[in-house]
Ligand SMILES: C[S@@+](CC[C@H](N)C(=O)[O-])C[C@H]1O[C@@H](n2cnc3c(N)ncnc32)[C@H](O)[C@@H]1O
């Protein structure tokens with residue numbers, strides 16, 4: 522892929538990737554060694570971000586998880602993240618230093634950096650522009666590294682590379698986990714990861730597919746896919762090919778397996794430029810997920826399967842995506858499954874917008890689409906306890922909001 526091949530979208534024009542491509546091949550294995558040596562994967566036990574509205578509900582769960590050391594709580598919020606960090610630093614200081622650099626986006630002093638990387642390693646990472654020196658006495662990272670199971674995923678650092686941002690969020694990990702679980706024991710000859718971003722879902726399906734294609738409209742995504750396939754090369758990632766494409770336009774196919782975590786967030790259109798990888802389009806953010814369901818009908822082989830993670834808003838008591846999907850596919854021979862992943866979700870930053878638009882909450886789904894002899898629609902609910910906890914969180918938020926932001 523060449524950097525001249527920008528799609529027409531003006532948002533992506535004229536942006537220069539910060540990685541030095543030629544140096545990535547040497548730098549990534551060195552980075553991988555350092556992450557392994559210092560057991561970076563253990564940082565998955567740390568919550569990130571501060572939020573008081575979930576206190577004490579979320580922190581009881583988080584603290585229990587930190588003690589057990591089993592369930593990842595990375596990407597969860599806490600009222601007092603620093604408490605977790607200081608406890609963790611006593612256990613594994615090098616991993617904590619790497620976490621500050623590669624996850625929290627903090628700058629390190631050269632002395633701190635020297636605790637985790639030697640001179641040659643630092644020189645290689647600087648040459649590839651993965652590390653930079655904003656000032657004489659500080660070192661910063663131009664990438665973010667998310668540990669998960671025995672993988673590590675590189676994505677963008679939001680505040681340093683606006684516009685080039687390539688994202689990994691909890692939805693990325695939820696879909697990745699689902700794919701590992703449900704595809705176990707199956708094989709596919711061709712797989713597509715649509716809207717690939719960092720390439721995380723391609724890496725997940727590469728163990729089940731003979732060939733994997735991944736596409737994204739953001740040409741910079743190609744560099745992240747390259748970096749991530751190198752970093753996770755023990756997982757059979759050499760079969761992954763990247764292409765720049767507006768949805769299916771340049772994807773090829775048909776495919777036996779299509780996986781996608783597309784933009785789906787229901788937000789005001791004026792916010793889309795700032796949050797391009799999230800904006801789900803018109804119709805309360807369901808435009809792009811619906812377009813994918815519609816186009817996938819011509820891109821799946823007869824026995825093929827699509828898996829999509831997405832959100833659907835409930836507006837005036839109606840689940841928009843469920844209704845629209847029934848309208849789209851209801852007369853055709855498809856089997857569609859909506860599996861709830863999380864219910865009654867409220868996004869803090871979009872609360873006012875959602876209220877104005879009569880959106881009571883959103884539901885996270887993993888949708889499965891397959892050919893069938895007639896239209897079959899299945900709706901799988903989350904366990905009652907999980908639903909109840911989500912409702913309590915929701916009520917807690919509503920109360921917190923009423924107290925804090927009351928006009
Ligand atoms: C929510 S991110 C998901 C990234 C990745 N699949 C994951 O699971 O972490 C959505 C991705 O869709 C990409 N995207 C947005 N509009 C697109 C389009 N029209 N065609 C292809 N990709 C698009 C964005 O650049 C972004 O990387």
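Residue numbers (the working numbering): 522 to 928.
Using N, Cα and C, we set each Cβ at its ideal position, and we do this for glycine too.
This one's a predicted model, so the numbers in the text were calculated from it and none came from an experiment.
Buried versus exposed call for residue i [16 or more other C-beta atoms within 10 Å across all chains shown]
| i | result |
| --- | --- |
| residue 805 | buried |
| residue 895 | exposed |
| residue 491 | An answer regarding residue 491 cannot be provided, because it is not within the stretch 522 to 928 covered by the chain. |
| residue 767 | exposed |
| residue 828 | buried |
| residue 748 | buried |
| residue 900 | exposed |
| residue 707 | exposed |
| residue 823 | exposed |
| residue 769 | buried |
| residue 825 | buried |
| residue 755 | exposed |
| residue 727 | buried |
| residue 920 | exposed |
| residue 834 | buried |
| residue 863 | buried |
| residue 813 | buried |
| residue 742 | buried |
Cross-strand partners of residue i (DSSP beta bridge)
| i | result |
| --- | --- |
| residue 855 | 892 |
| residue 840 | 835 |
| residue 737 | 765 |
| residue 780 | 714, 828 |
| residue 674 | 667 |
| residue 656 | 659 |
| residue 619 | According to DSSP, which records beta bridges pairwise, residue 619 is partnered with nothing at all. |
| residue 732 | 711 |
Cut-off 8 Å between Cβ atoms - residues of its own chain near residue i, not counting five sequence neighbours on either side
| i | result |
| --- | --- |
| residue 698 | none |
| residue 572 | 579, 598, 599, 600, 869 |
| residue 730 | 708, 709, 710, 711, 712, 760, 777, 778 |
| residue 792 | 800 |
| residue 583 | 568, 594, 597, 599, 605 |
| residue 588 | none |
| residue 689 | 665, 667, 674, 676, 718, 719, 721 |
| residue 625 | 569 |
| residue 843 | 833, 859, 900 |
| residue 849 | 811, 814, 815 |
Under the three-state DSSP convention, the category residue i falls into
| i | result |
| --- | --- |
| residue 602 | helix |
| residue 880 | strand |
| residue 826 | strand |
| residue 669 | strand |
| residue 663 | coil |
| residue 901 | strand |
| residue 817 | helix |
| residue 692 | helix |
| residue 697 | helix |
| residue 727 | coil |
| residue 559 | coil |
| residue 721 | helix |
| residue 801 | coil |
| residue 550 | helix |
| residue 571 | strand |
| residue 705 | coil |
| residue 746 | helix |
| residue 862 | strand |
| residue 886 | strand |
| residue 587 | helix |
| residue 651 | coil |
| residue 638 | coil |
| residue 625 | coil |
6 Å Cβ shell around residue i - same chain, five flanking residues per side excluded
| i | result |
| --- | --- |
| residue 586 | 592, 594 |
| residue 664 | 651, 675 |
| residue 816 | 769 |
| residue 620 | 564 |
| residue 891 | 826, 856 |
Close-in-space but distant-in-sequence residues of the same chain around residue i (CB under 7 Å, 5 per side omitted)
| i | result |
| --- | --- |
| residue 775 | 820, 821, 822, 825 |
| residue 555 | 637, 638, 642 |
| residue 922 | 872 |
Residue-chain proximity (residue i, chain C), Cβ-Cβ < 7 Å
| i | result |
| --- | --- |
| residue 617 | Protein chain content of the structure displayed is limited to a single chain, and chain C is not contained in it. |
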